[in-house]
Structures are given as C-alpha cells and as structure tokens.
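First residue of the sequence shown: 128, per this note's numbering; consecutive thereafter.
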Amino acid sequence: MNGELLVSLTELDDVLKNKEITIEERIKVDILRSEINCVSATYMVERGSLEIGMKFAQKAMKESKNHKDKTLRFDSLLNLAINYFYSNEWQESKKQVKEILTDFEDFEPSRDFYYLKRKALVLMLKGLLPFFKTYTGKGTSDVEIEKGFQLWIEGEKFCEENNLYLYQMGFLLNIKYMQTNLGDLDLALETGQKMVTISKEHLGKFSLAFSLYHLAWTYYNKNDFVKFYELNKERLIIVEESENKGMIASTYQNLGDYYLVIGEYDEALDYFKRSLEIYQKLNRENAIAFAQGDCGYVYFLKGDLGRALEFYEEAYPVLRENQPQDWFKVLTAFARVYTQKGDLDRALGFLDELMTIQEGFRNQIGISTVLMDQAMIYWQKGMKEQAISILQESFEIRYKVGNKALAASSLASLIQFNVEINNLEEAKKYFGHLDLINKELKNVHVSQYHKFSEALVHKKSSNLRDRLKAELLFEQLVEEDIQYSVLVQVLLHLCDILLLEMKETNEPEVLKKINKHVNKLQELSEKNNSHLLLVETLRLKAQLALIEFDVDNARALLLKAQNIAQENGFERLVLDLLEQQKKLTKQSIELKNLEKTSSTISQRMTLVELDDSVSVIKRTSITETVTKEEEVSKKLFSIQI
Numbered sequence: 128m129n130g131e132l133l134v135s136l137t138e139l140d141d142v143l144k145n146k147e148i149t150i151e152e153r154i155k156v157d158i159l160r161s162e163i164n165c166v167s168a169t170y171m172v173e174r175g176s177l178e179i180g181m182k183f184a185q186k187a188m189k190e191s192k193n194h195k196d197k198t199l200r201f202d203s204l205l206n207l208a209i210n211y212f213y214s215n216e217w218q219e220s221k222k223q224v225k226e227i228l229t230d231f232e233d234f235e236p237s238r239d240f241y242y243l244k245r246k247a248l249v250l251m252l253k254g255l256l257p258f259f260k261t262y263t264g265k266g267t268s269d270v271e272i273e274k275g276f277q278l279w280i281e282g283e284k285f286c287e288e289n290n291l292y293l294y295q296m297g298f299l300l301n302i303k304y305m306q307t308n309l310g311d312l313d314l315a316l317e318t319g320q321k322m323v324t325i326s327k328e329h330l331g332k333f334s335l336a337f338s339l340y341h342l343a344w345t346y347y348n349k350n351d352f353v354k355f356y357e358l359n360k361e362r363l364i365i366v367e368e369s370e371n372k373g374m375i376a377s378t379y380q381n382l383g384d385y386y387l388v389i390g391e392y393d394e395a396l397d398y399f400k401r402s403l404e405i406y407q408k409l410n411r412e413n414a415i416a417f418a419q420g421d422c423g424y425v426y427f428l429k430g431d432l433g434r435a436l437e438f439y440e441e442a443y444p445v446l447r448e449n450q451p452q453d454w455f456k457v458l459t460a461f462a463r464v465y466t467q468k469g470d471l472d473r474a475l476g477f478l479d480e481l482m483t484i485q486e487g488f489r490n491q492i493g494i495s496t497v498l499m500d501q502a503m504i505y506w507q508k509g510m511k512e513q514a515i516s517i518l519q520e521s522f523e524i525r526y527k528v529g530n531k532a533l534a535a536s537s538l539a540s541l542i543q544f545n546v547e548i549n550n551l552e553e554a555k556k557y558f559g560h561l562d563l564i565n566k567e568l569k570n571v572h573v574s575q576y577h578k579f580s581e582a583l584v585h586k587k588s589s590n591l592r593d594r595l596k597a598e599l600l601f602e603q604l605v606e607e608d609i610q611y612s613v614l615v616q617v618l619l620h621l622c623d624i625l626l627l628e629m630k631e632t633n634e635p636e637v638l639k640k641i642n643k644h645v646n647k648l649q650e651l652s653e654k655n656n657s658h659l660l661l662v663e664t665l666r667l668k669a670q671l672a673l674i675e676f677d678v679d680n681a682r683a684l685l686l687k688a689q690n691i692a693q694e695n696g697f698e699r700l701v702l703d704l705l706e707q708q709k710k711l712t713k714q715s716i717e718l719k720n721l722e723k724t725s726s727t728i729s730q731r732m733t734l735v736e737l738d739d740s741v742s743v744i745k746r747t748s749i750t751e752t753v754t755k756e757e758e759v760s761k762k763l764f765s766i767q768i
C-alpha cells in the first residue's frame, strides 16, 4: 500500500523458506506475489513483471483447483482474470470473469475484509465487461457502456462506505477516464483531486505519485499546461526520493510533453531520451516503444521526418504485436509524417484505421481529433469544402461533450480555413461562437485562439483601419507566450499583411519589417531544428533577396535550402527547389531589365511570385501541432489490486 513493493516481495520470499508452510499459505503467498508483480510491472518497478505475475497466478490457480477451500479457488481465479487483463489477453480475462460472477453468488455477504475486497473487485470486473467486447473487436452499445459506468460509480461508493481506499482509487481512476472520454473535464478534475486527497489522508507516497500523475493529465486536457508542469515537478520529488525508476521515467515523459507545448524541442527531447534510457535498463518492451514514439514526435516537429520514421518504425512492431492500451497512437504518428512527406493517401489510410478503433471505444475526443487530422489532409489535397465539413463535425462533437477548450481549437481552424477561401460570413459566424467560449472560459490558450482568429477576420477587410488592427493583434501575439505552431502562423500572417501593404505603397521600409519577421521564423526553425520550416523560410528569404536585386544571395539561399531538404528526405521539396533554381536564371535576366527601368516593388513581387511562397508555408505549417489533443489518458482502464 505504501509502494514498498520490492520489500514485500523479499519478505514473501522469506515466508516461503519456512519448511512448515501449508499448501493454503503457499497459495495465498503466490496470489500476493502475483498481485505485487502485476502492480510493480504497471509502474515499471524493477523485478516486477507481468510474465512472473502470470506464472504465480497460474500456479496458484492450478494448486487451488481441487482444494476444499472455495475461497482459495475463487481468489486464485480472480487474480488470474486480473493478470490476463493486464496482459491484454481479453478473451481469457472475459472467460474468467464470467466464471467469477457465477461463483461469487455462492458467498454469504459479510463485513469481513476479504469478502468486501472480493465484492469490490467483482464490481470492477463486471463494469469492465462491456469494454471487453470493444477490446476483442466485437463492439458494444452505449446502453452497455453506461451500465458499466454506473457499476463503477456504485463500486466507488461501496469502497468509500467500507474504507476500502486502495480499491476506491481504482474505481475513481476508471470513472475519471470515462468522464474525460465524454468531455466532462470539470467532473474529471474533481475526481482526480479526490484521488489526491485520499492518497494523502489514507494511503502512502506511492499512491500520491500515482494520483498526481492522473490529476496532471486532466489539467493538460484542460490546456492548463503550467499546472500540468507544477504537478509533475511535485511528483518528481516524491518518486526520486523513493528511487522508483519506472515512475521517474514516466514523469520525465510528462515533463517532455510540457516542453513540447512551449516549443522547447531540445529540452523535450532530452527528457524523452532520459525516459527511454531508464525503460531500456528496466527492459520494459512496451514502455520503450512508447518512449521511442515520443522521441520520434519531437523529430517530426523539428521537420526531421527521416529520423522520426526511424523511431516510429522501431516502436510499431512491438506496439502492434503486444497491443498495450493506447498503442494505436502510433497510427496518428505515421499519418502526420506521411502528411508532411506529401503521401496523403497513405496518411489517410492510417487515420481510417485509427478512426475504427476510436469509434469502438466511443472515445468522442479521440474521434474529434482524428477528424481534425483528416481535415488538415483534405485541405492539403485541395479538397477545401470537404476539409471544412469534417472540421465542422469535429467542432460539434467537442462542443456536445462539453470540451470547450478543444471546441475553440476546432473553431480557430474553421475560421482560418473560411478566411483562406474568402468565405468571410462563415468565418464571422464561427468567430461569434469562439467569442462566447472565450468570455466563458477565461483560458489563456482560448484567448490566444480568439485574438488570432479576430486578426484573421480583420486581415481580410478592404478597410485599412481593420488591417491595421489585424497587424496590431498579430504583433501582440508575437510578444505573448504562445504555442510554437501558433507563433509560426502569426509571423506568416504578419508577412502577408506587410506584403499587401508593400504592393500597395511600394515603400522599401515595409520590406525591412517583413525581413524582421522572416528572420524570426529562421531563428525559430534553427533553434528547434525544424528542418521543414527552415527550408521553406530560406525559400522565402531567397525571393525577398530577389526583390532587392540580390541574385547571388538568392541563389545561395536556395542551394542551402536544397541541401537541408536532401539531408532530411524531403523529396518533393528537393524537386521544387531544383525547379525554382532553374526559374531563377530567367528571373535574374528579367530583374536586370527591371533594374534599368526603375521598376516598382510591386512589379518585382509579381515577377518572383512572392505571394505564393507565403501561402505554401502557411499550408505546410498548418498541419503541425505540438499539443497532444488526443491525450485523454495514458491508459484506458485500470484494476486496482
């Protein structure tokens, strides 16, 4: 209960050395050893493993089968079902559960602790039955899921009334998962805080670390990333004091997720690699694969698609074979890499597979996130109306389940897409919805979505005053602590506004402002090794150099961009850059002629097709996201034993 799992195992080893131990006592020891190994494997404690736990569970089951004490047989069967559950042997676990439910009816109700424990676990397993159908691919109804959910609520109250705090934690965790999946984040937060309170008042530091982990992720889902960070730092102190390697590794992963959100990619990668190193020493196959996925995601955001695929392809066979809970997020990873590589149909294939899984789990947030990713792909394919329709569906799901922070994210994309196709009336309608959410939530990230979207709408106005307001809003966002991907979009839209101003005024001073923002883009991309963004930024800088008749610098910038694209496997971009370099020869001749005739800046802009370059970067960078919106939980359901 206090997390001293290895001490418990050692003491049980000593018990078995007693030559006078009875068969009944030996069976009980094997059940307990099985439980401890199951728990320690879940939290990556050394010496604990599911394989060892299963061995003890099967041994206890075999020895208790013909024993006259029916409670020994029942406890062995109960323990075996739990081990099958944690080993993802859904069919076997389900088979054991059906037998357990029948056998439990033979027990006389009592106030005995062991009877109360058995009843709590029976309620837990009974509530899980509808989800076994989902795990085995058969699907289940909303009515069955609701019935299972109500059994957990009943079980949690039962545990509270009987002071079964350890088992109450298992019910609370599953209740919180369901609340999160349904988008009831405020309720999920209350449940998570209750877990922390119980841990502090009745359990030990091990349980507190467990509770802080899950409470932190609820704050993450609410987009309160600072609180997510603070809770993980609090957790890190606890787990480092206890030298719990598995929990240290999982905390490192969470801290890596925080640094992803704020755009500190190298810091994020450092934490992910530290986590990976610990899991490798513990020889935890699934945990290693998930940590490899985290590292791959950082490289993806950096634009190093080749390195990202290396990590994903190493993780994928393990996750596909073992299918631990949450394994399917690697499908999202592949989809996003192939989207950036331009293999859009292959990306959609991964998302289709993922959608089937999320629909099976009735995970509304997961479904809405797959829809978001699909919309981004259809946008890149030029199927803009279809992209907007899918985005609308994503928004409706998020709004219906009550996750207004994520609904705001969908609205921001809907506004952006409608602005891009000059459908301003629709954009303003969506902005009205976003405005209401912004006033209600008072959330810093929603506020930034709101400011960004307001600027987009004003940017498209023919009124100079509106465009100046848009520029001011974008400039304010640059100075704020905003997400990396949003900052990139803001800088690009600022460039758009200034390009239009430069075309209308032909003022060289405007070009200086544009160069300032483009230099900021280059600085961001180089700092975070965002190779894809860097390539596109260098292309843009080359065109800006041509505006000033600096052909040599433009050629050098394009060559640098080409080398980076080749090093990182951006085949499509390499071809585009080669074509652009061919075009440069013709453009340089035409520019020389323009230079002789005192040409205007707008004439040069038309010649070098500057407007198109910014549009390409916007379209490419719009698919990048550093927040794990689909991160509902690291584990779908749990059994506390």
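Heads up, the beta-carbon is just placed ideally off N, CA and C, and yes, glycines get one too.
Here the segment 631–640 makes no contact with the segment 648–667; the two share fewer than three CB pairs at distances below 8 Å. Residue burial annotation: Ser537 is buried, with at least 16 other C-beta atoms found within 10 angstroms of its C-beta.
Along the segment 545–632, the alpha helix (DSSP H) occurs as fully enclosed runs of 4 or more residues at 551–568, 571–586, 591–606 and 611–632, listed in sequence order. A direct Cα-to-Cα measurement between Tyr426 and Arg434 gives close to 6 Å. In this structure, Leu541 and Ile515 form a Cβ contact; the two beta carbons are roughly 7 Å apart against a cut-off of 8 Å. Under the criterion of beta carbons closer than 8 Å, Leu711 and Phe676 do not qualify as touching, at roughly 13 Å. Scanning its chain for C-beta atoms nearer than 6 Å, with the 5 sequence neighbours on each side dropped, one finds around Met482 the residues Val497, in chain order.
Ranked by how close their Cα comes to the Cα of Leu618, the residues Lys643, Glu151 and Leu595 have Lys643 in first place.
Between Leu428 and Tyr386, the CB-CB gap reaches or exceeds 8 Å. Assigned with DSSP and collapsed to three states, Ile389 falls in coil, not helix or strand. Assignment of Met510 by DSSP, reduced to helix, strand and coil, places it in the coil class.
Taking the Cα positions, Gly282 is about 6 Å away from Ala247. Rounded to the nearest angstrom, the gap between the Cα atoms of Asp593 and Glu520 is 31 Å. Judged by beta-carbon spacing, Ile492 lies within the 8 Å limit of Val528, meaning their Cβ atoms are closer than that value. With respect to Asn206, Ser161 sits close: the two C-beta atoms are nearer than 8 Å.
Glu486: member of the alpha helix (DSSP H) spanning Leu471 to Gly487, first to last residue.
Using a Cβ distance threshold of 8 Å, Asn413 and Asn449 count as a contacting pair. Residue burial annotation: Asn549 is exposed, with fewer than 16 other C-beta atoms found within 10 angstroms of its C-beta.
Annotated three-state conformation of Pro444 is helix, per DSSP. Judged by DSSP in its simplified three-state form, Gln450 adopts coil rather than helix or strand. Its Cα nearest to that of Thr229, the residue Leu204 stands out among Leu204, Ser268, Asp421 and Arg238. When Cβ pairs closer than 8 Å are counted between the two stretches, the segment 351–362 is seen to touch the segment 374–384, the count reaching three or more. With 16 or more neighbouring CB atoms inside 10 Å of its own CB, Lys303 falls in the buried class. Secondary structure in the segment 254–314: the alpha helix (DSSP H) runs of 4 residues or longer, each lying completely within the stretch, are 269–288 and 292–308 in chain order. For Arg463, the enclosing alpha helix (DSSP H) covers residues Lys456 to Lys468. Three or more pairs of CB atoms, one per stretch, sit closer than 8 Å, so the segment 604–614 contacts the segment 571–586. For Asp157, the closest of Glu328, Asp196 and Asp202 by C-alpha to C-alpha distance is Asp202. Within the segment 641–723, the runs of alpha helix (DSSP H) at least 4 residues long that lie entirely inside it are, in chain order, 658–674, 678–694 and 698–723. Distances from the CA of Gln649 to each of Leu627, Leu626 and Ala688 were compared; the closest alpha carbon is that of Ala688. A distance below 8 Å separates the beta carbons of Gly696 and Leu432.
8 Å or more divides the Cβ of Ser495 from the Cβ of Leu458. Cα atoms of Leu599 and Lys587: separation of roughly 14 Å, rounded to the nearest angstrom. Leu363 and Lys654 have their C-alpha atoms spaced approximately 28 Å apart. For Gly180, the enclosing alpha helix (DSSP H) stretches over residues Leu177 to Ser191. Ranked by how close their Cα comes to the Cα of Gly487, the residues Gly469, Ile674, Asp269 and Leu667 have Asp269 in first place. Lys556 and Ala442 have their C-alpha atoms roughly 43 Å apart.
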